[in-house]
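Q: Note that the sequence shown covers residues -17 to -1, 1 to 347 in mature numbering (1 follows the signal peptide of the UniProt record, and there is no 0). Even glycine gets a Cβ: it sits at the ideal position worked out from N, Cα and C. Attaching a single structure in structure tokens format; questions to follow.
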Amino acid sequence: MCKKLLILFYLFLFGEGSKSVLTIKIGSKDQNENNLLSKKPLSFSNLTTIEYSLSNCTNDTIKKIEKTLKYFDTITCINFTKSSNDNLVSSDKGFNFAESEECYAPNGPTKRQSDHYEYILLNAQCQSTKAPEKKHLFTKYKYNEVDLFNTSFDFLSISMFDPTEYSIDNKTVYTLNNQYFQNVTNKRNLFSLDDLKILNHIYCSDKLKFDCENNGYNLLNNSDKCMCPIYYESTKNCSKINESETGCSNISNTKLTEKNKEIIITFNGKHQCYAEILSNVTNNVTIYISKATIQEPTCTKTYGVEVQYLPDLMAPGIRLCGNHSNIMFDTNSKKIVVSYRGKDENSSLIIAFYANFNSTKTQN
């Protein structure tokens, strides 16, 4: 319920209709399709606050809604105030929440991005696997229809629906081109960094600075501090990767060039280690994971390996836990980040980077 509520609320911020007050039945089919299926965001930018009401909601649902709204208050310029005496919002902009048994969020899934074919594969038999009334949710946006604000495909986005969502008989509607992103999509419980970045671009661009490095941006309540990619220090303008613990291997050269075409990194033991690989290669870099061993059944931020290789470092990379070997893929990103968090002395990682001056492949 909580994750679906977050999806609903996030997606409704991207809808527009002739009337901006949305009656949101939490899980209801009775939503205003004209409001929800359009591409442009609601014009809330001129409001000091956005009013909302809660109609016949349980105490548990009310707590979850208000927790979500408070989170938006602290991380964006979007502010919310509850209508007096729980009356329905009657002004021209706002949200009316009501409770129902099912959950529908019919707008803006990440898999509709114009570049989705590089990262996911829609089932070739989609006509039989998708519920007929939901087929429009899988229509690809054109490049000129949606502004992605220089973000990459976001496997951690709250709008990255499950592979069987809106399918018939629980059949798989899409699969990941790179299976190792599965450990990312399974962990979507809150808004991703890029979810929040897009919302801030849309509604707060006149109040925010976007001059932090590595795709970060300044926080509203502290213009000297940045919202940074997960493995970068926010106090350093997102310019410095997290410092590795004592015991991590020293890496003398982390820049791929025509003369230095190969970098091999080895991490061992119970340490937290980070590496930033730079490339001035005009074509692609091949990433080869010779071995990754971390005996943890579930990949988390606490234990595991993550390799960020998409152009936008706010987007997640592949995550590995357990035993893996001989994994190879290409990227055209100019910066690659490796995070290693070993669980015990048996944990290890051997990863190599090769400059391909004749390659024309792209990341997958």
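In whole angstroms, what is the alpha-carbon distance linking residue 245 and residue 207?
A: Looking up residue 245 in the sequence shown gives position 262. Looking up residue 207 in the sequence shown gives position 224. Roughly 37 Å between the two C-alpha positions.
Q: Please confirm if residue 251 has its CB atom under 7 Å from at least one CB of chain C.
A: Here chain C cannot be found, since the structure has a single protein chain.
Q: Would you call the segment 277 to 289 and the segment 309 to 316 touching, i.e. three or more CB-CB distances under 8 Å?
A: Between the segment 277 to 289 and the segment 309 to 316 there are fewer than three inter-stretch CB-CB distances shorter than 8 Å, so the stretches are not counted as touching.
Q: Return the chain-ordered list of same chain residues with a C-beta closer than 7 Å to the C-beta of residue 223, the five sequence neighbours on each side being excluded.
A: As a position in the sequence shown, residue 223 is number 240, starting the count at 1. Take residue 223, set aside five residues on each side of it, and the residues of its chain with a beta-carbon closer than 7 Å to its own are 215 and 216, in chain order.
Q: Going by C-alpha to C-alpha distance, which of 39, 333 and 144 sits closest to residue 174?
A: Here residue 174 corresponds to residue number 191 of the sequence shown, with the count starting at 1. If we check each option's Cα against that of residue 174, 144 comes out closest.
Q: With burial defined as no fewer than 16 other Cβ atoms inside 10 Å of the residue's Cβ, what is the status of residue 259: buried or exposed?
A: Taking the first residue of the sequence shown as 1, we reach residue 259 at position 276. Result: buried.
Q: Can the beta-carbon of residue 195 be found less than 7 Å from the beta-carbon of residue 220?
A: Here the question's residue 195 lines up with position 212 in the sequence shown. Here the question's residue 220 lines up with position 237 in the sequence shown. Yes, the pair counts as a contact, with Cβ atoms nearer than the cut-off.
Q: Are residue 58 and residue 176 close, meaning C-beta to C-beta below 7 Å?
A: Residue numbering aside, residue 58 sits at position 75 when the sequence shown is read from its first letter. Residue numbering aside, residue 176 sits at position 193 when the sequence shown is read from its first letter. Contact flag unset, no.
Q: Please work out which residues of its chain come closer than 6 Å, Cβ to Cβ, to residue 320, disregarding the five sequence neighbours upstream and downstream, and give them in chain order.
A: The count along the sequence shown starts at 1 and reaches residue 320 at position 337. Correct list, in chain order: 214, 259 and 291.
Q: Where does residue 217 sit, in a helix, a strand or coil, going by DSSP?
A: On the sequence shown, residue 217 is found 234 positions in, with the first residue counted as 1. Here residue 217 sits in helix by DSSP.
Q: Looking only at C-alpha atoms, which of 332, 277 and 232 sits nearest to residue 271?
A: Counted from its first residue, the sequence shown places residue 271 at position 288. Among 332, 277 and 232, the Cα nearest to that of residue 271 belongs to 332.
Q: Determine the burial state of residue 151: buried for a count of at least 16 other Cβ atoms within 10 Å of its Cβ, exposed for fewer.
A: Taking the first residue of the sequence shown as 1, we reach residue 151 at position 168. Residue 151 is exposed by the Cβ-count criterion.
Q: Quick one: Cα of residue 146 to Cα of residue 283, how far?
A: Position 163 of the sequence shown, counted from the first residue, corresponds to residue 146. Position 300 of the sequence shown, counted from the first residue, corresponds to residue 283. Those two C-alpha atoms are separated by around 21 Å.
Q: Starting from residue 307, trace the beta strand (DSSP E) both ways and give me its first and last residue.
A: Position 324 of the sequence shown, counting from 1, holds the residue named residue 307. That run of the beta strand (DSSP E) goes 305 to 314.
Q: Below 8 Å CB to CB, which residues in the same chain sit around residue 339 once its five sequence neighbours on both sides are set aside?
A: Residue numbering aside, residue 339 sits at position 356 when the sequence shown is read from its first letter. 264, 266, 267, 268, 269 and 313, listed in sequence order.
Q: Are the beta-carbon atoms of residue 62 and residue 32 separated by less than 7 Å?
A: Within the sequence shown, residue 62 is the residue found at index 79, counting from 1. Within the sequence shown, residue 32 is the residue found at index 49, counting from 1. Cβ atoms of residue 62 and residue 32: closer than 7 Å.
Q: According to the neighbour-count rule (16 or more other Cβ atoms, all chains shown, within 10 Å of its Cβ), is residue 299 buried or exposed?
A: Here residue 299 corresponds to residue number 316 of the sequence shown, with the count starting at 1. The residue in question, residue 299, is buried, as its Cβ has 16 or more Cβ neighbours within 10 Å.
Q: Taking the C-alpha atoms as reference points, what is the distance between residue 349 and residue 285?
A: Past the edges of the chain, shown from -17 to 347, lies residue 349, and the structure says nothing about it.
Q: Rank 329, 142 and 274 by C-alpha distance to the C-alpha of residue 307 and give the top, closest one.
A: For the purposes of this step, residue 307 is taken as the residue at position 324 of the sequence shown. Measuring from the Cα of residue 307, the nearest candidate turns out to be 274.
Q: Which full runs of the beta strand (DSSP E) of 3+ residues lie inside the segment 226 to 302, going along the chain?
A: 245 to 251, 255 to 262, 267 to 277 and 287 to 291
Q: The beta strand (DSSP E) that contains residue 48, what's its start and end?
A: Mapped onto the sequence shown, residue 48 falls at position 65. Here residue 48 belongs to no beta strand (DSSP E); instead the alpha helix (DSSP H) covers 42 to 58.
Q: Out of 52, 330 and 243, point me to the one whose CA is closest to residue 254's CA.
A: Start at 1 with the first residue of the sequence shown, and residue 254 comes out as number 271. The shortest Cα separation from residue 254 among 52, 330 and 243 belongs to 330.
Q: Helix or strand or just coil, what does DSSP make of residue 209?
A: To locate residue 209, count along the sequence shown from 1; it is residue 226. Reduced to three states, the DSSP call for residue 209 is strand.
Q: Which parts of the segment 129 to 179 are runs of the alpha helix (DSSP H), unbroken and 4 residues or longer, counting only runs that do not cross its ends?
A: If we require 4 residues or more, the alpha helix (DSSP H) runs fully inside the segment 129 to 179 come out as 165 to 168.
Q: Does DSSP classify residue 185 as helix, strand or coil?
A: As a working note, residue 185 is residue 202 in the sequence shown. DSSP places residue 185 in helix when its eight states are reduced to three.
Q: For residue 247, count neighbouring Cβ atoms within 10 angstroms of its own Cβ and tell me buried if that reaches 16, exposed if not.
A: The count along the sequence shown starts at 1 and reaches residue 247 at position 264. By the 16-neighbour rule on beta-carbons within 10 angstroms, residue 247 is exposed.
Q: Just tell me which of 80, 336 and 72 has its CA closest to the CA of residue 38.
A: Along the sequence shown, one-based indexing puts residue 38 at 55. For residue 38, the nearest C-alpha among the options comes from 80.
Q: In terms of residue numbering, what span does the beta strand (DSSP E) encompassing residue 72 cover?
A: Here residue 72 refers to the residue found at position 89 when the sequence shown is read from its first residue. Per DSSP, residue 72 belongs to no beta strand (DSSP E) and is neither H nor E.
Q: When you compare each of 161, 54 and 73 to residue 136 by their alpha carbons, which one comes out closest?
A: For the purposes of this step, residue 136 is taken as residue 153 along the sequence shown, with counting starting at 1. Cα-wise, what sits closest to residue 136 is 161.
Q: Which class does residue 203 belong to by DSSP, given the choice of helix, strand or coil?
A: Here residue 203 is taken as the residue at index 220 of the sequence shown, counted from 1. Correct three-state label for residue 203: coil.
Q: Apart from the five residues just before and just after residue 44, which ones in its own chain have a Cβ nearer than 6 Å to its Cβ?
A: If you number the sequence shown from 1, residue 44 lands on position 61. These residues qualify, in order along the chain: 82.
Q: Would you mind sorting residue 88 into buried or exposed? The rule is 16 or more other CB atoms within 10 Å of its CB.
A: Here residue 88 refers to the residue found at position 105 of the sequence shown. Note that residue 88 scores 47 on pLDDT, short of 50, meaning its location in the model is unreliable; the coordinates nonetheless yield the value given after this. That one is buried.
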